[in-house]
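> Residue 625 in numbering that gives the first Met the number 0 sits at position 626 of the sequence shown, and the numbers go up by one each step.
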Amino acid sequence: MQDARYDELTPAQRQAVFHVEGPLLVLAGPGSGKTRVITHRIAALIDSGVRPYNICAITFTNKAANEMRQRAVGLGASGGAHISTFHSLCVRILRQYGRYFSRLGSVGGDVRRSEVRGNFSIYNQSDQSRCVKQAVKECELDAKNFAPGRMLEAISTLKNKLIDAGSFESGADDFFRKTLARIYSRYQAILNEHNALDFDDLLMDAAFLLEGSSEVRSELGKRFRFLLVDEYQDTNHAQYRIAKALASGHGNICVTGDPDQSIYRWRGADISNILAFEEDWPDASVVKLEENFRSTANILAAADKLISFNERRKEKKLVSTKPAGRQVSINVFEDESEEAQWIARQIKDLQEQGRPLSEVAVFYRVNAMSRSLEEAFIRHKIAYQVVRGVEFYNRKEIRDVLAYLRVLVNPADEVALLRIINTPTRGIGKTTIERVRQFAASDNIGLFEGLKRAAGIDTLSKASRARIAVFVDLIEGFKKDIDGSVAVLVERVFVESGLERWLQGGDVQGQDAAENVGELISGARLYDAEAQEPGLLAYLQQTALFSDTDAYDSSSERVAFMTLHAAKGLEFEEVFIVGLEDGLLPHEKSSDDEDDLEEERRLFFVGVTRAKSGLNLSYVRYRTFRGQLLRTIPSEFLFELGLDFDGSEEVDEYAYDQSDGFGGGVASFRPGQLVRHKTFGIGTVKEFVDMGENSVVVVRFTAGQTKTLMVKYAGLLKL
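Printed below as a string of structure tokens:
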């Protein structure tokens with residue numbers, strides 16, 4: 000039954016909200032009220048008689064999931080609906096149903112494990128690197144030829160495609176693939192020995208489990224009778240298969256997203272998932288949300304013009320509900336220092352006019368670009384926050400404390416155990432550890448169990464046995480508080496392990512590190528107060544799945560610095576996007592691939608559409624790369640915005656050279672010359688045919704096309 004809660008919905012939003020049975024695709028442009036639709040849809044389903052228990056909503060960040068949960072409750076939707084990220088859902092599935100792996104036998108062609116034990120650790124990038132280095136070493140390979148980072152990237156790509164080690168090995172047909180298969184198999188074996196899963200395992204194992212066990216698939220299908228997947232354009236193959244398996248029994252799958260905002264191809268996202276939704280679900284209803292409630296008409300017009308240059312998309316029009324507003328500004332500077340100083344002064348003026356700093360953001364393509372901005376803001380005394388939250392959890396002192404906690408819930412986590420066994424220093428060296436390891440291997444037990452039996456290891460000295468006993472007693476003592484307050488346990492570990500005394504007794508850096516742990520404890524207190532089902536295992540899961548976007552503090556009175564990727568899902572009154580130069584945006588790695596170039600354009604589109612009322616774009620003539628000041632070229636995207644921009648600020652460098660023209664000013668070109676076309680962007684001249692006024696030039700553009708153009712009509716600019 001409809002009521003006042005739904006009065007403000009537009010006709011298109013109402014259509015999506017009150018759709019009940021069957022598949023639904025909601026094409027939601029930026030600022031079109033997508034989250035409003037999802038939360039109102041949850042409320043409407045409950046109003047129609049669906050139990051909250053039978054609803055599952057999946058999104059991509061913890062922040063988005065928390066916001067969705069709060070807004071649903073605010074609409075009167077009672078608790079009970081499952082709202083989380085894909086990874087969190089998979090953790091829940093694997094902790095509850097991991098034992099079913101023993102019934103599957105061969106999993107995707109590879110007998111990976113007899114079961115997934117519920118207390119498994121989730122390994123982050125650092126943990127994975129340590130394990131893959133160990134795998135390369137144990138395979139007796141040269142790390143220079145088989146760089147662990149490269150191997151890990153290849154393994155991650157395979158897992159996202161649901162290709163496990165056994166399947167990959169069976170199809171390996173050359174030396175490199177066969178060697179990678181060995182490393183992959185050993186890496187996976189190490190994870191299994193540690194009762195650990197990496198991020199990709201969470202998705203791959205859940206997909207294999209759902210597809211391999213009709214019992215699990217049926218049980219979860221009945222539990223989650225209505226599946227809502229947000230940001231569907233960013234799903235990878237594993238996530239696509241998980242969603243399809245969960246909805247296979249009932250077909251009640253609602254996906255929302257926007258192909259124009261698909262920006263994670265580099266980590267496996269497949270835009271085809273949303274583009275082909277109607278093929279996967281032929282009876283799907285489609286609703287387009289085209290009204291934009293965020294940005295002014297001028298900003299949207301530029302965004303609409305920009306994204307029209309992409310071919311892999313679903314046609315829709317962005318319609319602003321706001322007036323035209325200020326024009327989008329494009330600014331050119333001599334170098335990055337001048338660019339940063341100008342931005343700082345502009346924001347200082349905005350602040351003096353009453354604009355809160357929390358409503359201002361600066362976006363860039365790569366994190367390294369924040370340096371000059373930070374220097375300028377410090378000079379102008381403007382408060383800022385660099386949204387790079389994962390780095391907090393990568394700090395040594397934070398990883399040390401979390402390693403203690405990981406060992407408490409999963410003693411088989413050898414990576415964590417080796418990190419803390421002599422941190423702070425307690426006299427348990429490498430020789431002692433190796434002797435315990437040999438003893439444990441001979442008895443077919445884990446390293447921690449070997450430590451517990453150290454009193455019976457003859458190769459250890461009496462002093463070593465005593466030191467190990469103290470360490471084991473410390474860990475066993477912490478375990479007594481494992482079911483209580485997480486914050487209390489974190490503080491106890493910090494103090495009683497000796498870490499606090501060790502850090503505070505050092506230099507200024509050590510004291511800073513101690514303060515960081517204090518921040519971790521404060522965060523744990525907040526977790527205890529806000530979590531639906533607080534517990535150490537869930538807390539460790541939350542920290543392991545933390546993302547940059549989750550770190551953004553919207554309540555902080557500071558300007559936000561962040562990459563364009565981290566800006567996804569956020570909005571600000573005033574946005575500055577810096578570094579609009581060829582090689583930065585679009586990134587140099589995208590120059591040879593049309594799909595990559597389209598993704599770079601989508602990334603810029605995301606940045607543009609974060610702005611509510613002010614959008615300021617900038618590029619510089621010279622930028623420092625690896626210590627060298629190099630000449631730059633304005634981004635081709637600037638020419639695609641439909642604005643009054645033709646690079647005229649660069650007239651001295653980019654004007655036609657009329658002196659070498661033919662037939663009254665028709666220019667000549669030479670092979671290898673760099674040129675720009677208003678539509679096709681930047682390219683390299685391959686051939687010039689001198690025919691006077693009718694001269695022809697053949698250009699290979701960075702987007703991949705080769706065009707034969709009449710010079711007098713082409714409007715090419717020499718660069």
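All C-beta atoms in this analysis are idealised placements derived from N, C-alpha and C, irrespective of residue type, glycine included.
By a C-beta neighbour count over all protein chains shown, 10 Å radius and 16 as the cutoff for buried, is A367 buried or exposed?
A367 should be labelled exposed.
> Please report the straight-line C-alpha distance between T9 and P410, rounded to a whole angstrom.
So the alpha carbons of these two residues sit roughly 54 Å apart.
> Quick one: what's V332 bridged to in DSSP?
Rather than Val, the amino acid found at residue 332 in this sequence is Phe. Paired residue(s): V619.
> Hey, is the segment 474–486 in contact with the segment 371–390, meaning 3+ C-beta pairs nearer than 8 Å?
No, they do not touch.
> Under the assumption that L372 contacts A339 (Cβ atoms under 8 Å), give the Cβ distance between them as a whole number of angstroms.
With 8 Å as the limit, L372 and A339 qualify as a contact, their Cβ atoms being about 5 Å apart.
> Please report how far the alpha carbon of Y231 lies from the alpha carbon of F207, in whole angstroms.
Spanning the two alpha carbons is a distance of roughly 20 Å.
> By how many angstroms is the C-alpha of T705 removed from the C-alpha of T683?
Computed Cα separation, rounded: 9 Å.
> What's the call for E396, buried or exposed, on a 16-neighbour Cβ count within 10 Å?
Buried, because 16 or more other Cβ atoms sit within 10 Å of the Cβ of E396.
> Verify whether the separation of the beta carbon atoms of L459 and R434 is less than 8 Å.
Result yes, Cβ atoms of L459 and R434 sit closer than 8 Å.
> Sort out for me which residues DSSP pairs D197 with in a bridge.
Answer by DSSP bridge pairing, in chain order: Y122.
> Going by DSSP, what residue range makes up the beta strand (DSSP E) through H81?
Element bounds for H81: 81–84.
> Which same chain residues, not among the five before or five after G108, have their C-beta less than 7 Å away from its C-beta?
Below a pLDDT of 50, predicted positions are generally treated as unreliable, and G108, at 44, falls in that range; the measurement from the model is reported next regardless. Excluding positions up to five away in sequence, the list reads D163, G165, S166, S169.
> I need the DSSP call for L44, collapsed to helix, strand or coil.
Helix at L44.
> Quick one: what's A268 bridged to in DSSP?
Answer by DSSP bridge pairing, in chain order: N235.
> From the DSSP output, read off the bridge partner residues of N291.
Note: N291 sits in a beta bridge opposite S319.
> Are the CB atoms of I262 and L602 within a distance shorter than 8 Å?
Going by C-beta atoms, L602 is nearer than 8 Å to I262.
> Return the Cβ separation of N61 and N118 in integer angstroms, given the expectation that the two are a contact with Cβ distance under 8 Å.
So it is not a contact: roughly 21 Å between Cβ atoms.
> With respect to the beta strand (DSSP E) encompassing I681, which residues constitute its N-terminal and C-terminal limits?
Where I681 is concerned, the enclosing beta strand (DSSP E) stretches over 680–688.
> Please tell me whether, using a cut-off of 7 Å, the distance from the CB of A275 to the nearest non-hydrogen atom of the ligand NAD is below it.
With respect to the ligand NAD, the structure offers nothing, as it holds no ligand at all.
> By a C-beta neighbour count over all protein chains shown, 10 Å radius and 16 as the cutoff for buried, is K567 buried or exposed?
When all chains shown are included, K567 counts as buried.
> Label G30 either buried or exposed according to how many other C-beta atoms from any shown protein chain fall within 10 Å of its C-beta, with 16 as the threshold for buried.
The residue is buried, with at least 16 neighbouring Cβ atoms inside 10 Å.
> Taking 6 Å as the limit between beta carbons, can you name the residues of its chain near D595, skipping five residues before and five after?
The residues are S589.
> Could you give the DSSP three-state label for S612: helix, strand or coil?
In the structure shown, S612 sits in a strand (DSSP, three-state: E or B).
> When you compare each of G641, G483, D199 to A528 by their alpha carbons, which one comes out closest?
Among G641, G483, D199, the Cα nearest to that of A528 belongs to G483.
> Give the C-beta separation of V607 and L151 to the nearest angstrom, bearing in mind that I take them to be a contact with Cβ-Cβ under 8 Å.
In fact, because the Cβ distance is near 34 Å, the residues do not count as touching under 8 Å.
> Tell me the DSSP secondary structure of V383 in three-state form.
Sequence check: residue 383 is Tyr here, not Val. The answer is strand: DSSP assigns Y383 an E or B state.
> Return the chain-ordered list of same chain residues with a C-beta closer than 6 Å to the C-beta of K160, the five sequence neighbours on each side being excluded.
Same-chain partners within the cutoff: H236.
> Based on the DSSP secondary-structure assignment, which residues constitute the bridge partners of Q573?
For the record, residue 573 in the displayed sequence is Glu; it is not Gln. V359, G613, per the DSSP bridge assignment.
> Can you name the start and end residues of the alpha helix (DSSP H) that V215 belongs to?
From DSSP, the alpha helix (DSSP H) with V215 extends over 213–222.
> Would a C-beta distance cut-off of 8 Å place Y383 and F560 closer than the cut-off?
It is a contact, given that the beta carbons lie within the stated cut-off.
> Which partner residues does L629 have in the DSSP bridge list?
According to DSSP, which records beta bridges pairwise, L629 is partnered with R622.
> Could you please give the first and the last residue of the uninterrupted alpha helix (DSSP H) stretch that includes I162?
No alpha helix (DSSP H) contains I162, which DSSP labels as neither H nor E.
> Buried or exposed: which applies to Q531, given that a residue is buried once 16 or more other Cβ atoms fall within 10 Å of its Cβ?
The residue in question, Q531, is exposed, as its Cβ has fewer than 16 Cβ neighbours within 10 Å.
> Could you tell me whether the Cβ atoms of R637 and L614 are closer together than 8 Å?
In the sequence on display, residue 637 carries Leu and not Arg. No.
> Is the CB-CB distance between A301 and L563 below 8 Å?
Their beta carbons are not under 8 Å apart, which means A301 does not touch L563 by this criterion.
> Just checking, does the segment 232–252 make contact with the segment 118–133 on the three C-beta pairs under 8 Å criterion?
With the cut-off at 8 Å, the segment 232–252 and the segment 118–133 do not touch.
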